[in-house]
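Chemist:
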């Protein structure tokens, strides 16, 4: 079983719809959660960064974390064609957890999202 | 957000040659830099963690003698792929982190093609 599971899609929705993207994880040591957007042949762009259970909102994006269920979500309201991209969830353990300093991120496989005009 | 650059953005080389990729944090000091690799339709896989002034920590299965990492300053880390082979062709992405609570900001990536 992979540490982070994410449905690769593709997920196709009409413009204006609410999009729901999800990841599950198995390692309870993960405490920091991120969502990145990646366009084809580009580096990932940070969208949301959370470290507590609950909701965090930023514009049209809402990140939701449920640590008890080991489940995180990203909601996109009023979706636009320009939102079409691959969305990657990522998470990491606390700083120093592995005995050193910062730890790298563990990524989901990414969900390919298509917003139809 | 913070800006991280990579150079070159794309490189094509012959099998057996070495390739150096630079990663720079442009507007913050990165205490830690990370190197990831991404194969087509796959997610990013961490290769190594690099702290300024110390040896890099490599993930299991990543050959440290093949992928040389140097973190010479708080704004620059380099990855050298030595004696590159076609199976090393991939998208190499670096990220930089500025501190304990900081998340990672990614560079634009370097696409390596080994012929």
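Chains as they are written, first to last, in the numbering used here: chain E, 1 to 117; chain V, 1001 to 1115.
Built from N, CA and C at the ideal position, the CB exists for glycine as well.
Is DSSP giving residue 1059/V helix, strand or coil here?
Modeler: To locate residue 1059/V, count along the second chain from 1; it is residue 59. DSSP places residue 1059/V in coil when its eight states are reduced to three.
Chemist: Going by beta-carbon coordinates alone, are residue 69/E and residue 19/E separated by less than 8 Å?
Modeler: Locating residue 69/E in the first chain gives position 69, where the first residue counts as 1. Locating residue 19/E in the first chain gives position 19, where the first residue counts as 1. No, they are not a contact pair.
Chemist: Looking at the secondary structure, which residues open and close the beta strand (DSSP E) in which residue 54/E lies?
Modeler: Along the first chain, read from residue 1 onward, the residue named residue 54/E stands at position 54. First-last of the beta strand (DSSP E) with residue 54/E: 54 to 58.
Chemist: Taking beta-carbon pairs under 7 Å, can you tell me which members of the segment 1082 to 1109 of chain V lie near chain E?
Modeler: Flagged, chain order: 1093, 1097, 1100, 1103, 1104, 1105, 1106, 1107, 1108 and 1109.
Chemist: Quick one: grab the DSSP three-state call for residue 83/E.
Modeler: For the purposes of this step, residue 83/E is taken as residue 83 along the first chain, with counting starting at 1. If DSSP states are grouped into helix, strand and coil, residue 83/E belongs with the helices.
Chemist: Taking 8 Å as the threshold, find out whether the segment 78 to 96 of chain E comes into contact with the segment 23 to 34 of chain E through three or more Cβ pairs.
Modeler: They touch, by the three-pair rule.
Chemist: Does DSSP put residue 66/E in a helix, in a strand, or in coil?
Modeler: Here residue 66/E corresponds to residue number 66 of the first chain, with the count starting at 1. Correct three-state label for residue 66/E: strand.
Chemist: Which of helix, strand or coil does DSSP assign to residue 14/E?
Modeler: Here the question's residue 14/E lines up with position 14 in the first chain. In this structure, residue 14/E counts as strand in the three-state DSSP scheme.
Chemist: Pick helix, strand or coil for residue 1022/V, following the three-state DSSP scheme.
Modeler: Counting from 1 along the second chain, the entry for residue 1022/V is found at position 22. If DSSP states are grouped into helix, strand and coil, residue 1022/V belongs with the strands.
Chemist: Would you tell me roughly how many angstroms separate the C-alpha atoms of residue 59/E and residue 43/E, rounded to the nearest one?
Modeler: Working through the first chain from its first residue, we reach residue 59/E at position 59. Working through the first chain from its first residue, we reach residue 43/E at position 43. Near 22 Å, if we compare the C-alpha coordinates of residue 43/E and residue 59/E.
Chemist: Compare the Cα-Cα distances from residue 1037/V to each of 77/E, 104/E and 113/E and report the closest residue.
Modeler: Walking along the second chain from the start, residue 1037/V turns up at place 37. Nearest option by C-alpha distance: 104/E.
Chemist: Quick one: give me the first and last residue of the beta strand (DSSP E) that residue 1096/V is part of.
Modeler: By 1-based counting over the second chain, the position of residue 1096/V is 96. Note, residue 1096/V: beta strand (DSSP E), 1090 to 1097.
Chemist: Give a yes or no on whether the C-beta atoms belonging to residue 1076/V and residue 1024/V are separated by under 8 Å.
Modeler: The sequence position of residue 1076/V within the second chain is 76, counting from 1. The sequence position of residue 1024/V within the second chain is 24, counting from 1. Taking 8 Å as the Cβ cut-off, residue 1076/V and residue 1024/V qualify as a contacting pair.
Chemist: Under 8 Å by Cβ, that's how I've got residue 1095/V and residue 1107/V pegged, so tell me the actual separation to the nearest angstrom.
Modeler: What you label residue 1095/V is simply residue 95 of the second chain in a count that begins at 1. What you label residue 1107/V is simply residue 107 of the second chain in a count that begins at 1. Correct: roughly 7 Å between the Cβ atoms.
Chemist: What do you reckon, is the C-beta of residue 52/E under 7 Å from a heavy atom of the ligand SAH?
Modeler: This structure does not include the ligand SAH; it has no bound ligands of any sort.
Chemist: Kindly indicate which residue of 83/E, 6/E, 97/E and 117/E has the alpha-carbon position closest to the one of residue 1044/V.
Modeler: Position 44 of the second chain holds residue 1044/V. Closest by alpha carbon: 6/E.
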